[in-house]
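Read through the structure below, which is laid out as structure tokens, and then see the notes.
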Amino acid sequence: MDQPGLAPPAPVVLRWDRDPRNVSKARAGLRVTPATWGLTAIEEEASLVLSELMTNAVRHAHAPGRQIETRYVFVPDGLRVEVHDACDVRPVRELTTGGATGGWGLPLVDVLAARWGVSDRQGPGKVVWAELRAS
Numbered sequence: 010m011d012q013p014g015l016a017p018p019a020p021v022v023l024r025w026d027r028d029p030r031n032v033s034k035a036r037a038g039l040r041v042t043p044a045t046w047g048l049t050a051i052e053e054e055a056s057l058v059l060s061e062l063m064t065n066a067v068r069h070a071h072a073p074g075r076q077i078e079t080r081y082v083f084v085p086d087g088l089r090v091e092v093h094d095a096c097d098v099r100p101v102r103e104l105t106t107g108g109a110t111g112g113w114g115l116p117l118v119d120v121l122a123a124r125w126g127v128s129d130r131q132g133p134g135k136v137v138w139a140e141l142r143a144s
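With my numbering, letter number 130 in the sequence shown gets 139, and the count goes up by one each step, no holes.
This is the structure we're talking about:
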């Protein structure tokens, strides 16, 4: 996708009801984006990262009547996955022990992403994002 004179592709923005079934639908929708942008090398990692971030939003962002928004943004040599929700509480990366059945999401994102973080957004809530590199 790094061709001189070409504008980067427009971000892909989708909205989802806060329903656990939409995590797999969002993952399926994401798979098209890396392939279209020539980033098939990070398709699996992007899918896992989105799944973790979206699952956290579905489980913890309890804002009645508010949807979750996903954005897939082309960045130099990679992809930025964003999950927007209306909850102001920021995720905390907990230390997880071998016997734990939960709490592995953000440590997994930390391993797979080149970088990740949490940002404010216009209106209520936050954006949890992760950038993945193709090289």
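We put the CB at the ideal spot given by N, CA and C, even for glycine.
- Item | Pick from E54, I77, V41 that is closest to L23, judged by C-alpha positions | I77
- By Cβ distance below 8 Å, which residues in the same chain neighbour G132 in space, the five residues on each side in sequence not counted? In chain order, A95 place their CB closer than 8 Å to the CB of G132, counting only its own chain and leaving out the 5 sequence neighbours on each side.
- Message: Please classify A143 as buried or exposed, where buried requires at least 16 neighbouring CB atoms within 10 angstroms.
- Response: buried
- Query: Can T42 and V21 be called in contact, C-beta distance under 8 Å?
  - Reply: yes
- Message: My output table needs one value for V98: the three-state DSSP class, helix, strand or coil.
- Response: The answer is coil: DSSP assigns V98 none of H, G, I, E or B.
- Query: What does a CB cutoff of less than 6 Å around V127 pick up in its chain, not counting 5 residues either side in sequence?
  - Reply: R99, K135, V137
- Task: Within the same chain, show all residues whose beta-carbon is closer than 8 Å to that of T49, passing over the 5 residues directly before and after it, in chain order.
- Result: Here the set comprises P43.
- Message: On the criterion of 16 or more Cβ atoms from any shown chain inside 10 Å, does R30 qualify as buried, or is it exposed?
- Response: exposed
- Applying the criterion that 16 or more other CB atoms from any shown protein chain within 10 Å of the CB defines a buried residue, is H71 buried or exposed? exposed
- Query: Tell me which same chain residues have a C-beta within less than 6 Å of the C-beta of V118, skipping the five on either side of it?
  - Reply: V58, E61, W125, A139
- Per DSSP, cross-strand counterpart(s) of A139: V90, W125
- Leaving aside the five residues before and after A122 along the sequence, list all residues of the same chain whose C-beta is less than 7 Å from its C-beta, in chain order. V58, A139, E140, L141
- Where R89 and D129 are concerned, what is the direct C-alpha to C-alpha distance, given to the nearest angstrom? 16 Å
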